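In the order they appear, the protein sequences are chains R and H. The first sequence runs 1 to 336 under my numbering. The second sequence runs 337 to 672 under my numbering. Ideal Cβ positions, reconstructed from N, Cα and C, are used throughout, including at glycine. Quick caveat: nothing in here was measured; it's all calculated off a predicted structure.
There are 2 protein chains.
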Amino acid sequence: MVKIKDVARHARVSPSTISYALSGKRPISDETRKRIEASIRKLGYLPHAGARALASSRSNVLALMIPLRTGVHVPVIMQFLVSVVTTARGHRHDVLLLTQDEGEEGLRRVAGTSLVDGILVMDVELNDPRLPFLRNLDIPSVLIGFPADPAGLTCIDLDFEAAGELCAEQLALLGHRSVALVGSPPQVYQRETGFAQRVARGFSAACERHGLLYSVHACEPTAQAARELAQRLLYENPRLTGLIIHNEGIARSLMESFEKLGRTIPRDLSVIGICPDDEAEQMPVPLSSVSLPASEIASRAVTLLMYKLENPESSSVPEATLLTPRLTLRESTGPR
Amino acid sequence: MVKIKDVARHARVSPSTISYALSGKRPISDETRKRIEASIRKLGYLPHAGARALASSRSNVLALMIPLRTGVHVPVIMQFLVSVVTTARGHRHDVLLLTQDEGEEGLRRVAGTSLVDGILVMDVELNDPRLPFLRNLDIPSVLIGFPADPAGLTCIDLDFEAAGELCAEQLALLGHRSVALVGSPPQVYQRETGFAQRVARGFSAACERHGLLYSVHACEPTAQAARELAQRLLYENPRLTGLIIHNEGIARSLMESFEKLGRTIPRDLSVIGICPDDEAEQMPVPLSSVSLPASEIASRAVTLLMYKLENPESSSVPEATLLTPRLTLRESTGPR
DNA sequence: CTGAAAGCGCTAACAG
DNA sequence: CTGTTAGCGCTTTCAG
Numbered sequence: 001m002v003k004i005k006d007v008a009r010h011a012r013v014s015p016s017t018i019s020y021a022l023s024g025k026r027p028i029s030d031e032t033r034k035r036i037e038a039s040i041r042k043l044g045y046l047p048h049a050g051a052r053a054l055a056s057s058r059s060n061v062l063a064l065m066i067p068l069r070t071g072v073h074v075p076v077i078m079q080f081l082v083s084v085v086t087t088a089r090g091h092r093h094d095v096l097l098l099t100q101d102e103g104e105e106g107l108r109r110v111a112g113t114s115l116v117d118g119i120l121v122m123d124v125e126l127n128d129p130r131l132p133f134l135r136n137l138d139i140p141s142v143l144i145g146f147p148a149d150p151a152g153l154t155c156i157d158l159d160f161e162a163a164g165e166l167c168a169e170q171l172a173l174l175g176h177r178s179v180a181l182v183g184s185p186p187q188v189y190q191r192e193t194g195f196a197q198r199v200a201r202g203f204s205a206a207c208e209r210h211g212l213l214y215s216v217h218a219c220e221p222t223a224q225a226a227r228e229l230a231q232r233l234l235y236e237n238p239r240l241t242g243l244i245i246h247n248e249g250i251a252r253s254l255m256e257s258f259e260k261l262g263r264t265i266p267r268d269l270s271v272i273g274i275c276p277d278d279e280a281e282q283m284p285v286p287l288s289s290v291s292l293p294a295s296e297i298a299s300r301a302v303t304l305l306m307y308k309l310e311n312p313e314s315s316s317v318p319e320a321t322l323l324t325p326r327l328t329l330r331e332s333t334g335p336r
Numbered sequence: 337m338v339k340i341k342d343v344a345r346h347a348r349v350s351p352s353t354i355s356y357a358l359s360g361k362r363p364i365s366d367e368t369r370k371r372i373e374a375s376i377r378k379l380g381y382l383p384h385a386g387a388r389a390l391a392s393s394r395s396n397v398l399a400l401m402i403p404l405r406t407g408v409h410v411p412v413i414m415q416f417l418v419s420v421v422t423t424a425r426g427h428r429h430d431v432l433l434l435t436q437d438e439g440e441e442g443l444r445r446v447a448g449t450s451l452v453d454g455i456l457v458m459d460v461e462l463n464d465p466r467l468p469f470l471r472n473l474d475i476p477s478v479l480i481g482f483p484a485d486p487a488g489l490t491c492i493d494l495d496f497e498a499a500g501e502l503c504a505e506q507l508a509l510l511g512h513r514s515v516a517l518v519g520s521p522p523q524v525y526q527r528e529t530g531f532a533q534r535v536a537r538g539f540s541a542a543c544e545r546h547g548l549l550y551s552v553h554a555c556e557p558t559a560q561a562a563r564e565l566a567q568r569l570l571y572e573n574p575r576l577t578g579l580i581i582h583n584e585g586i587a588r589s590l591m592e593s594f595e596k597l598g599r600t601i602p603r604d605l606s607v608i609g610i611c612p613d614d615e616a617e618q619m620p621v622p623l624s625s626v627s628l629p630a631s632e633i634a635s636r637a638v639t640l641l642m643y644k645l646e647n648p649e650s651s652s653v654p655e656a657t658l659l660t661p662r663l664t665l666r667e668s669t670g671p672r
């Protein structure tokens, strides 16, 4: 293994100069920098991560805790994940993966051993058991998703409440008077992952403002549940003409079920999804949708975390970052 | 931060004794062990990962490189991932995530900086550009998937060739004489990720052995491509009665398309999938299938890697581990 | 069964 | 702009 001393000898400078050349923490003359770079390349030098971490108290690793649970749409998690890793690499950091089931203990371990410099937590619940720990943690963290009270934390997510409103308003604008929201599986509501409730709240508020007749429904992510729900919705309200789907797992089945029940989209029924753009585009009838910008959220989360790492004292990091929802009209919506 | 010295003082022993108590690398009297454990708990001691890595040249971290590409079914990757992390944790190791696009450079970096002790690589191509590097690497690695030549490597995967055979044989056994295999998207064949070809080879061989009329088809993972393919298959061969689907993305669409074209499953058409069990179970007609045991493969891959880490000289690690495919009959298959 | 002490390879004062 | 040096916190000989 080639070490910093070897490079130093080869470039005829001191080890610290190599270190500074690598970190850029003090100016190096052009000439010696060239020599150093040549030596590094020549010898294939790569600094020992552990030694670095020990001397600098920085591991250049971030922890990412991902959810495992039912009702969380896997492709979206994957998008987050990839975007986190990619963005972190852009900041010269690596990503250590923790699963939700490691819980607070897992976070304590990776933080306490100085394995990681910062922590990203996904799928935060309204009263997440990890919150007290994260508030008192001596390394920075960023939450993807919102707890009931973000005080003392840094949280980022799509503004789901605004998304719910936006959908309802678009349906109102199109002239629909009777609408429904099909949301997450029941478990998601039960464990109080905020986003499901927030969509429902925004949706309901906007419906009331516009005097729409509306209802909200949980739905298991199975084709059968979707079929049954479609039937029930039409049975309970045959005049339903507007639908919001916030449940990636069943969007397709639900649309197909309505078509089978004689409701042509968008002629008889306008549908708006809350889902990733690529999924909306791939529906049999391209789905008008509010995008779920997983990659953007993830990369902004990393950027926030990096900022906190670089400015430990800064009070300028917002506790809450809510991304404004963006609606794209495709072919699943039309006038009443 | 509490360090080993603090614990040593508190437990009235030397730092080295603490270290040995933690690692179990030399016997400790029951009495002092108790004192040490108490002190550790009392002080909340967690050893510094970097210091450990530096002194022991072991980071207790494994790297996992995951694919990002189209045609790779995301839920399966996620299963791998979770199983890798969980199994690694069982061996007191953490997992660092690398994306495919970091390529050989990424591997060189994490190995060269001693950030990780071992490497897991997913989605290996027949002539993967990373192979020469992995063969010469000074830390152990395990490949999930098979290159053309596994010599000097450790590879594990489902025996896809046997899976293809098994499917064809089951159809033959049921009396089917005219069958088809719908496989991966064209890109997967093009980049020569072995498994697609292997299934086709096993399938073809078994069909010829049994004198079946057969054909093999790539298919884009879209509902429309599935519909078109179903039409084409029946057009080209109206007497088709047996179908293998090795393409999670379209299994459902394909089955639905055949039903729409008047072929009831299993009455008119027997279908066997190669996919995870839970997906097979969730099809409209529960799908007879060869399981894709992602979790098992992942956990065995980690176990192999751990073994190589603990027995650096051992020649007893097999180059190739092929899991025997297991067929579960559900409701999508019946006699001709 | 336990202790003392020499590093592991790097960073960051401090000094010039 | 560069060099010298004292650690960072732990593991592991070596010694008893």
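TODO: May I have the straight-line CA-CA distance separating residue 107 of chain R from residue 455 of chain H, to the nearest angstrom?
DONE: 23 Å
TODO: Keeping to the same chain, check which residues put their C-beta closer than 6 Å to that of residue 464 of chain H; ignore five residues upstream and five downstream.
DONE: 483
Open item on the list: Would you call the stretch 238 to 250 of chain R in contact with the stretch 156 to 173 of chain R, where contact means no fewer than 3 C-beta pairs closer than 8 Å?
Closed with: yes
- [ ] Round the Cβ separation of residue 448 of chain H and residue 54 of chain R to the nearest angstrom and send it over; I've been treating them as touching at under 8 Å.
- [x] Going by Cβ atoms, the distance from residue 448 of chain H to residue 54 of chain R rounds to 18 Å, so no, they are not a contact pair.
TODO: Mind checking the stretch 616 to 627 of chain H against chain R and listing, in chain order, the residues whose C-beta falls within less than 8 Å of any C-beta there?
DONE: 618 and 620
Task: Own chain partners of residue 566 of chain H with C-beta closer than 7 Å, once the 5 adjacent residues on each side are dropped - done: 590, 593, 594 and 597
TODO: Ignoring anything shorter than 4 residues or poking outside the stretch 440 to 510 of chain H, list the alpha helix (DSSP H) runs there in chain order.
DONE: 467 to 472 and 496 to 509
- [ ] Could you tell me whether any Cβ in chain H is nearer than 8 Å to the Cβ of residue 114 of chain R?
- [x] yes
Task: For residue 291 of chain R: DSSP bridge partner residues - done: R/275
Task: Where residue 242 of chain R falls: helix, strand or coil (DSSP) - done: strand
Task: Cβ neighbour criterion (16 or more within 10 Å) applied to residue 27 of chain R - done: exposed
- [ ] Could you check what DSSP says for residue 430 of chain H in three-state terms: helix, strand or coil?
- [x] strand
Task: Distance between beta carbons of residue 431 of chain H and residue 400 of chain H, contact taken as under 8 Å - done: 5 Å
Task: Listed by chain order, chain R residues near residue 445 of chain H by CB distance under 8 Å - done: 46
Task: Cβ neighbour criterion (16 or more within 10 Å) applied to residue 504 of chain H - done: buried
- [ ] Going by CA-CA distance only, name the one from H/491, H/475 and H/554 that's closest to residue 526 of chain H.
- [x] H/554
- [ ] On a CA-only basis, which of R/11, R/327 and R/36 is nearest residue 23 of chain R? Give me that one, please.
- [x] R/36
Open item on the list: Which residues does DSSP list as the beta-bridge partners of residue 516 of chain H?
Closed with: H/551 and H/579
Task: Option nearest residue 520 of chain H by Cα separation, candidates H/547, H/542 and H/552 - done: H/552
Task: Extent of the continuous beta strand (DSSP E) to which residue 401 of chain H belongs - done: 397 to 402
Open item on the list: Can you tell me where the beta strand (DSSP E) holding residue 659 of chain H begins and where it ends?
Closed with: 656 to 659
Task: residue 294 of chain R versus residue 77 of chain R - alpha carbon distance - done: 8 Å
- [ ] May I ask you to report which of helix, strand or coil DSSP gives residue 327 of chain R?
- [x] strand
Task: Inter-residue CB distance, residue 385 of chain H and residue 115 of chain R (contact presumed, cutoff 8 Å) - done: 4 Å
Task: Buried or exposed by the 16-neighbour rule on C-beta atoms within 10 Å, applied to residue 642 of chain H - done: buried
Open item on the list: Does any residue of chain R have a CB that is nearer than 8 Å to the CB of residue 600 of chain H?
Closed with: no
Task: Beta-carbon proximity of residue 100 of chain R to residue 156 of chain R, cut-off 8 Å - done: no
TODO: Starting from residue 255 of chain R, trace the alpha helix (DSSP H) both ways and give me its first and last residue.
DONE: 251 to 260
TODO: Just the chain R side, please: which residues come within less than 7 Å of residue 387 of chain H by C-beta, in chain order?
DONE: 54
Open item on the list: Strictly under 8 Å for the Cβ-Cβ distance: is residue 629 of chain H near chain R by that measure?
Closed with: no
- [ ] Would you grab the beta carbon distance between residue 298 of chain R and residue 87 of chain R for me? Rounded to a whole angstrom, and I think it's under 8 Å.
- [x] 7 Å
TODO: Just the chain R side, please: which residues come within less than 7 Å of residue 613 of chain H by C-beta, in chain order?
DONE: Residues of chain R passing the Cβ test: none, with the nearest at roughly 16 Å.
Open item on the list: As a quick exercise: from R/62, R/154 and R/153, pick the residue whose alpha carbon is nearest that of residue 117 of chain R.
Closed with: R/62
Open item on the list: Can you pull the chain R neighbours of residue 558 of chain H, defined as C-beta to C-beta under 8 Å?
Closed with: 282
Task: Residues near residue 469 of chain H in its chain [Cβ-Cβ closer than 8 Å; skip 5 each side] - done: 440, 443 and 444
Open item on the list: Measuring alpha carbon to alpha carbon, tell me which residue in R/175, R/68, R/74 and R/20 is nearest residue 275 of chain R.
Closed with: R/74
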